[in-house]
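In full-length UniProt numbering, the protein residues as written are 1 to 366.
Beta carbons are placed, not taken as given, at the ideal position from N, Cα and C, and that holds for glycine.
Encoded as structure tokens, the structure appears first; notes follow it.
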Amino acid sequence: MDEFTAKFDRLSVRNREQGNVEDDNLKDQEDFVRMSLVKRKKDFRYMERIEGRLVNIAEGLELHTGVFDAVEQKKIVDFVYRLQAKGRAGILGERTYSEPRKWMRGKGRVTIQFGCCYNYATDKDGNLPGIVRSVEADPMPPLLISMIKRMVSWRVLPPTCVPNSCIINLYDKDDCIPPHIDHHDFLRPFCTVSFLSECNILFGANLKVLGPGEFSGSLAIPLPLGSVLILKGNGADIAKHCVPAVPAKRISITFRKMDDRKLPYRYTPDPELRNLRQLASPSVKPSAQPAHSSPQAVSPHSQNLMPDVRLTTTPASQARKAEFQAQKPETASQSVKDSMSSNPFGANDFPTLSSTSSKPSKRSWK
Ligand SMILES: O=C(O)CCC(=O)C(=O)O
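Laid out in structure tokens, this is it:
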């Protein structure tokens, strides 16, 4: 019997004993057991000397493994490929889809942006690096919203920093992302989710570019499929990070919350991302709380690893799983133009998305 089934069965027995057998609870129970199986590494440590002082440049990094299972990964990857097909057909917002002009190893990757248009470098209209506030980007599709809800609900991302933008990176074999620190138009923490093939992400205060797609880093963290890497603290702001030329096709989705002062002028918040709740911590003591009390009320200090699922029942419990099962392809109706940039790394490493999309895509696939 696998770990999931064993935990699920133990909770089922307890719930039956307590007369707590409604469907809603069973769904919560499954969600809860899956959350408790997520492996969380939060103690990364790599000391580097910076201006004479030893600093842990990995402080603030967290790797959460097993957040999206194989079925969910496939659904997300299929969806990304459908988006890419639309981008190629010119039916996504103009700044949503960008494909690099390939001429050598290590040159860029395809990117698809939602929520905002981000300039990696000053564009031909003189817009500086950062969020281009005058451009309205396509809104985040429902499947990506579901991913955010999962990450908040499962305590991967805090409810105080819910992402409202994202960038999908499609790496072909040998594509890379050069050393960088994410722009402060985006708050910390932000995160990146990995799909299709495993690769290393490198961190270091002084990452070196050795050649096309070749970088030397102090700390290499392997990114398993379906994992979420959280970046904050020194790991986001002291260390640079990069992904050297990947050995095989890879997709990552980086989710970030925009600084309110930098929101696109015509940005409309998505009501789906309001008031997101976390499931109770897996370290909750079952007998310590009455049924249906709020997760926040639960003692975080308890050692019990098998929480009473009744603590976590929410009206939206069925919706959470159903969302992953019920997504249909988006229909978008926008044109896309090719883009060029004055990027110091080369236009294809950090493609600057430089033309304007004025209409949001239709969200008709829920
Ligand atoms: O592909 C990755 O995992 C990293 C992506 C990244 O660094 C970024 O989008 O800024």
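Where does residue i sit, in a helix, a strand or coil, going by DSSP?
| i | result |
| --- | --- |
| ASN119 | strand |
| VAL67 | coil |
| THR111 | strand |
| TYR81 | helix |
| SER134 | coil |
| LEU26 | helix |
| SER281 | coil |
| ILE76 | helix |
| ARG155 | coil |
| GLN124 | Per the sequence presented here, residue 124 reads as Lys, with Gln not at that position. Correct three-state label for LYS124: coil. |
| LYS42 | coil |
| GLU94 | coil |
| GLU62 | strand |
| PRO141 | coil |
| LEU273 | helix |
| THR268 | coil |
| THR5 | helix |
| ARG14 | helix |
Quick check: what's the CA-CA separation for residue i versus residue j?
| i | j | result |
| --- | --- | --- |
| VAL243 | SER216 | 10 Å |
| ALA70 | GLY226 | 7 Å |
| VAL336 | GLY90 | Caution applies to VAL336, whose pLDDT of 24 falls short of 50 and renders its modelled position unreliable; the value that the coordinates give is listed next. Approximately 5 Å between the Cα atoms of the pair. |
| ASP2 | LEU37 | 11 Å |
| ARG155 | LEU279 | 7 Å |
| HIS241 | ILE201 | 7 Å |
| GLY60 | CYS161 | 15 Å |
| ARG274 | GLU51 | 42 Å |
| CYS191 | HIS184 | 14 Å |
| LYS173 | HIS64 | 25 Å |
| THR268 | LEU210 | 42 Å |
| SER165 | PHE44 | 26 Å |
| ARG250 | TYR81 | 12 Å |
| ALA236 | MET47 | 15 Å |
| PRO264 | ALA239 | 28 Å |
So residue i is in the beta strand (DSSP E); what residue range does that whole segment cover?
| i | result |
| --- | --- |
| VAL55 | 53-56 |
| ARG49 | 47-50 |
Do the CB positions of residue i and residue j come within less than 8 Å of each other?
| i | j | result |
| --- | --- | --- |
| PHE186 | GLN73 | no |
| ILE167 | TYR118 | yes |
| ALA277 | SER153 | The sequence given here places Arg at residue 277; Ala does not occur at that position. In contact: ARG277 and SER153 (Cβ atoms closer than 8 Å). |
| MET147 | GLY115 | no |
Can you determine whether any heavy atom of ligand 3 sits closer than 7 Å to the C-beta of residue i, and answer yes or no?
| i | result |
| --- | --- |
| ASN169 | Judged by which ligands are present, ligand 3 is missing from the structure shown, whose ligands are ligand 1. |
At which residue ranges does the UniProt domain "Fe2OG dioxygenase" (162-259) contain complete beta strand (DSSP E) runs of 3 or more residues, listed in the order of the chain?
The qualifying runs are 165-171, 177-180, 190-195, 199-204, 208-211, 214-216, 219-223, 228-231, 240-243 and 250-256.
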